Each structure stands twice: as C-alpha cells, then as structure tokens.
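Below: the structure, in structure tokens.
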Amino acid sequence: MVDKISEITNVKTTLFQKMEHGYLRIATTVLNLDGSRAVNTFIPNDSPVVKAIENGSDYFGRAYVVNDWYLTAYRPIKIDGNLVGMLFVGMPEKDMKTLGEILRVKSF
Numbered sequence: 089m090v091d092k093i094s095e096i097t098n099v100k101t102t103l104f105q106k107m108e109h110g111y112l113r114i115a116t117t118v119l120n121l122d123g124s125r126a127v128n129t130f131i132p133n134d135s136p137v138v139k140a141i142e143n144g145s146d147y148f149g150r151a152y153v154v155n156d157w158y159l160t161a162y163r164p165i166k167i168d169g170n171l172v173g174m175l176f177v178g179m180p181e182k183d184m185k186t187l188g189e190i191l192r193v194k195s196f
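And the structure:
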C-alpha cells in the first residue's frame, strides 16, 4: 500500500500503528542510510505530531524523519471510530528545490 501511494504521489509514505506509548512505523517507503526500509521506528506520545493526531487533527509541518528533515502531513486512521494509527506523507526538504524547479517550468 505505501509503495502504491508513493508511486502515485511521488512522496514518501508511512503507516503507523497506535501503541501504548506512541506510534510504531509498520510499513514505509522511508529508507535508512543502509537502504533498508525504516520500519520499527517510533514516535512517542509527547511528540507534537502525536498530540495533533490524538486530538483528531491532521498535522502539517516540518519533522525530522529517520535521518532527514521533511515537509510532512500526518492523518489519523480510524476503524469504527477508534484511532488505530496514522498515515504519513512527506518530502525531504532537500528535494524541495527540485520541486520548485519542476513547478517553475511546468505549464498547468
């Protein structure tokens, strides 16, 4: 699922599972420095991201993800009204220059 979202949107994607003390990255297109997928990383409950998600809000902003700064969006995932996880999409800040160049030359 995360691969398909990333393919369609051209951004990094992660699914997080809600745990007692925060959220666990269970599927992702974000890579570690060694090229492996950055699963089993954790965002604790005291994070601004988690605080927004726990309040039922999306989170948009800058976040340090695994090993780089990203512009991010996180959205709660609910099943039958119960918060069970969150979806992350983001783009490394270093790629934003490339995005700006694409938008500058692209006709819409």
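Each step along the sequence shown adds one to the number in the numbering used here, with nothing skipped, and position 44 is 132. Every residue, glycine too, gets a C-beta built ideally from N, C-alpha and C. Note that the structure is a prediction, hence the values are computed from the model and not measured.
message: Quick check: V99 and M174, are their CB atoms within less than 8 angstroms of each other?
response: For the purposes of this step, residue 99 is taken as residue 11 along the sequence shown, with counting starting at 1. For the purposes of this step, residue 174 is taken as residue 86 along the sequence shown, with counting starting at 1. Cβ distance not < 8 angstroms, so V99 and M174 don't count as in contact.
- prompt: What's the gap between the Cα of N200 and the Cα of I131?
  reply: Nothing about residue 200 can be reported from this structure: the residues present for the chain run from 89 to 196 only.
- prompt: Skipping 5 residues on each side, what residues in its chain have a beta carbon closer than 8 angstroms to that of Y158?
  reply: As a first step, residue 158 must be located in the sequence shown, where it is residue number 70. Taken in chain order, the residues that qualify are K100, R150, A151, Y152, G178, M179, P180, E181.
message: Give the list of continuous beta strand (DSSP E) stretches no shorter than 3 residues that lie fully inside the segment 139-174.
response: 147-153, 156-167
message: Going by DSSP in three states, T117 sits in which element: helix, strand or coil?
response: Here the question's residue 117 lines up with position 29 in the sequence shown. Reduced to three states, the DSSP call for T117 is coil.
- prompt: Where do the N-terminal and C-terminal ends of the beta strand (DSSP E) with K100 fall, by residue?
  reply: Here residue 100 is taken as the residue at index 12 of the sequence shown, counted from 1. Per DSSP, K100 belongs to the beta strand (DSSP E) from 100-107.
message: Which same chain residues end up closer than 6 angstroms to A140 when comparing Cβ atoms and leaving out the 5 residues on each side of it in sequence?
response: Mapped onto the sequence shown, residue 140 falls at position 52. For A140, where only same-chain residues beyond five positions count, the Cβ hits under 6 angstroms are Y147.
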